[in-house]
Amino acid sequence: MGEDDLAGAPAMTAGGALLARLKAVGIDYIFANSGTDFPPIIEGLAEAEAKGIALPQALVMPHESAAMGMAHGYYLATGRAQAVMAHTNVGLANCAIGAINAAMEHVPVLLFSGRTPVTERGRKGSRTVPIGWGQEMRDQAALVREACKWDDELRFPEHIPQMVDRAHAIACSTPRGPVYMSLPREVLCQPCPTEGLEAPATMMPAVAAPPAEAVAEAARLLAAAENPVVFAQRGAGSAEGFAALAALAGEWGIPVCQYWAVQLAMATDHPMAAQADPGPLLAAADVVLVLDALAPWSPDAHALRPGCKVIQLAQDPLYQRQPVRYFRSDVTLAGDVDAGLIALKAAMDPLLPAHRARVESRAAAVAERNAKARTAVLDAARRGGGTPMTKDFVSLTLSEALAGRDATVLSELGCPLSPMTLSRHQAWYQEPHSGGLGWCFPAALGMQLARRGRLVVATMGDGSYMFANPVACHQIAEALELPILVLIVNNAEWGAVRQSVLGLYPDGYAAKTNRMPLTALSPVPDFVKVAEASRAYARRVTDGAALAGALAEAIDHIETKRTLALLDIAVRA
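Under the working numbering, the sequence shown has 337 at position 278, and the numbering climbs by one with no breaks.
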């Protein structure tokens with residue numbers, strides 16, 4: 060359809076038509092950082108409101124990293140992909156880290172950015188200010204292409220419905236992930252037909268599921284195993300998957316190791332919840348079930364027994380985007396983890412009677428071993444309440460403060476998982492393995508946006524807090540009334556960098572120095588004042604004896620005043 064075909068037909072600005080189609084495919088929010096390419100988008104918002112056309116809610120994001128993080132957190136809470144809109148190449152560049160994080164964690168995001176006008180004159184939307192020339196790139200999509208499943212550019216306004224439908228379907232197909240669309244300003248300024256904008260999507264996502272015979276083979280291997288083990292990093296997929304894993308592991312006496320976990324797959328106090336060290340488990344294992352784990356163990360430190368069989372279950376069990384990943388996979392199950400676990404349990408249930416006596420004995424031994432290990436972890440955490448305190452003590456105290464509450468904890472180099480008592484799906488998330496720092500704070504805001512009644516906790520190191528563009532995040536929290544609890548575990552350094560150096564050079568020169576090069580963050584800013592600048596509750600805690608009271612006070616503030624609360628907690632290096 061050309062412009063001549065639009066004569067007399069109902070039409071609206073292409074920018075508005077794009078937003079209307081996003082609503083039709085199920086987008087709730089557009090996290091937007093606007094620029095000079097946005098006039099047709101802004102005009103479209105106003106036009107749609109005037110005409111009573113339903114659109115996603117457009118939220119102003121002071122920084123693109125916050126937009127990507129909020130879309131990520133909203134998806135974790137709801138399972139629904141959202142949209143991010145940024146300004147030309149510079150805004151897209153600020154989205155790149157969020158796109159890398161989303162790609163690593165199979166989080167679908169519909170990412171858009173404007174494209175500097177191609178024309179200098181003669182068309183509505185042509186270049187009008189110097190940045191129209193300054194922001195031009197030969198290949199703008201290259202900024203995020205390696206992190207995206209698909210990218211395209213809008214060339215004609217009448218392509219909007221099919222382009223949005225395809226983008227949403229690809230983003231939500233397994234393995235899920237971000238997609239990118241470039242939006243030239245001249246195209247957005249053109250009229251677009253409105254007919255069919257509200258119609259159902261014309262493309263459905265492709266959701267993979269493993270074949271029944273592969274599930275049966277995995278069930279046979281696990282049932283016959285003497286020392287099976289499960290490694291889980293990205294949770295169990297859903298509440299149903301969480302329950303299926305708990306039941307399968309409990310009934311069959313299989314320990315579950317959450318090594319470098321990004322999402323909680325099993326209650327931390329479940330009898331089959333093993334401690335995080337893969338070494339002893341792998342040394343004995345004859346069958347290993349890997350649940351969506353990028354690196355279920357470290358080949359440099361851990362080795363499989365000869366003859367050990369490995370089953371990999373994930374949206375992309377071979378992690379095809381990673382050039383180097385050589386983990387064994389004797390049975391490869393491609394599909395959503397929750398559906399795979401439910402199918403695997405159903406295949407194993409009929410086999411249980413023949414193995415019951417053997418697996419009950421194994422379950423008792425595993426439970427005893429896990430209980431001793433957990434007691435040791437909790438006892439060590441309790442001893443860390445000095446001045447300053449340990450991160451494990453902070454984790455334990457936070458866990459006790461959250462007992463009985465509907466809460467979600469997001470951690471980015473903050474509170475570790477092992478000392479916490481967490482028992483349900485969506486109780487805990489850690490930063491993506493891609494390591495794009497600054498994720499936790501905005502992801503927690505996105506989680507809170509989706510779950511207004513839940514207590515959402517963002518715990519991060521002092522460096523991660525600074526990476527999060529905290530002034531932008533605090534502004535969002537105040538503007539959108541998102542009362543999360545922020546805990547900064549503050550050791551005034553890049554603790555992860557220090558530990559990496561000590562791991563490679565335990566007896567090296569850097570380990571022997573009083574001040575390790577390139578790790579210190581002193582003088583540390585006054586984070587309390589940063590939070591107070593946006594009228595948040597904020598307090599510094601230096602003594603472990605005061606932490607429980609400070610947490611109770613901060614949570615009470617959230618529940619009664621409904622604004623963000625921040626605790627800057629001094630911890631040991």
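Using N, Cα and C, we set each Cβ at its ideal position, and we do this for glycine too.
Can you tell me which of the three DSSP states residue i falls into?
i	result
residue 145	strand
residue 83	helix
residue 434	helix
residue 539	coil
residue 622	coil
residue 590	helix
residue 487	strand
residue 251	strand
residue 290	strand
residue 92	coil
residue 207	coil
residue 572	coil
residue 549	strand
residue 195	coil
residue 112	coil
residue 261	coil
residue 171	strand
residue 98	helix
residue 65	Residue confidence is low: residue 65 scores 48 on pLDDT, short of 50, so the model does not pin down where it sits. Its coordinate-derived value is still stated next. DSSP places residue 65 in helix when its eight states are reduced to three.
residue 473	coil
residue 166	coil
residue 60	Confidence at residue 60 is low in this model, with a pLDDT of 43, below 50, so its placement is unreliable and the value that follows should be read with caution. Correct three-state label for residue 60: coil.
residue 349	strand
residue 316	strand
residue 631	coil
residue 368	strand
Using beta-carbon positions only, say whether residue i and residue j come within less than 9 Å of one another.
i	j	result
residue 200	residue 232	no
residue 83	residue 246	no
residue 386	residue 365	no
residue 107	residue 249	no
residue 86	residue 227	yes
residue 547	residue 437	no
residue 144	residue 125	no
residue 491	residue 321	yes
residue 157	residue 92	no
residue 463	residue 452	no
residue 467	residue 536	no
residue 79	residue 257	yes
Leaving aside the five residues before and after residue i along the sequence, list all residues of the same chain whose C-beta is less than 6 Å from its C-beta, in chain order.
i	result
residue 507	515, 541 and 543
residue 373	351
residue 465	513
residue 509	133, 136 and 137
residue 519	471, 473 and 499
residue 641	As displayed, the chain neither begins before 60 nor continues past 632, which places residue 641 out of reach and without an answer.
residue 493	159, 160 and 163
residue 648	Residue 648 cannot be examined here, being either before or after the span of the chain that is shown, 60 to 632.
residue 62	Residue placement at residue 62 is flagged as unreliable, the pLDDT there being 47, under the threshold of 50; the coordinate-derived value follows with that caveat. So no residue of the chain qualifies.
residue 175	147, 191, 194 and 195
residue 264	228, 231 and 232
residue 591	597
residue 209	229 and 238
residue 394	267, 268 and 269
Roughly how far, in whole angstroms, is the beta-carbon of residue i from the beta-carbon of residue j, given that I think they are within contact range, below 8 Å?
i	j	result
residue 587	residue 598	7 Å
residue 288	residue 314	5 Å
residue 281	residue 407	6 Å
Leaving aside the five residues before and after residue i along the sequence, list all residues of the same chain whose C-beta is less than 8 Å from its C-beta, in chain order.
i	result
residue 188	95
residue 345	284, 285, 286, 287, 364, 366, 367 and 368
residue 337	290, 316, 318, 355, 356, 357 and 361
residue 328	433, 480 and 482
residue 375	165, 233, 234 and 393
Output needed for residue i: all residues of its chain with C-beta closer than 7 Å, excluding positions within five of it in sequence on either side, in chain order.
i	result
residue 601	446, 447 and 629
residue 534	121 and 593
residue 333	314, 315, 316, 340 and 429
residue 65	The pLDDT assigned to residue 65 is 48, lower than 50, so where the model puts this residue is not dependable, and the model offers no usable value.
residue 60	Its pLDDT being 43, under 50, residue 60 is placed unreliably in this model, and the value from its coordinates should be taken loosely. Excluding sequence neighbours, residue 60 sits near 217 and 252.
residue 225	262
When the cut-off is 9 Å and only beta carbons count, does residue i lie next to chain C?
i	result
residue 317	Checking the listed chains, one finds no chain C in this structure; it contains a single protein chain.
>> I want to know whether the segment 164-178 touches the segment 220-238 - three or more CB-CB distances under 8 Å.
In response: yes
> Quick one: any contact between the segment 98-117 and the segment 264-271, if contact means 3 or more CB pairs under 8 Å?
Replying inline: no
> Is the segment 426-441 touching the segment 292-303 in the sense that three or more CB pairs, one from each, lie closer than 8 Å?
Replying inline: no
> Given 8 Å as the limit, is there contact between the segment 605-612 and the segment 452-472, that is, 3 or more CB pairs closer than that?
Replying inline: yes
> Taking three-plus beta-carbon pairs below 8 Å as touching, is the segment 178-196 in contact with the segment 112-122?
Replying inline: no
> Can we say the segment 528-536 touches the segment 478-490, given the rule of at least three CB pairs closer than 8 Å?
Replying inline: no
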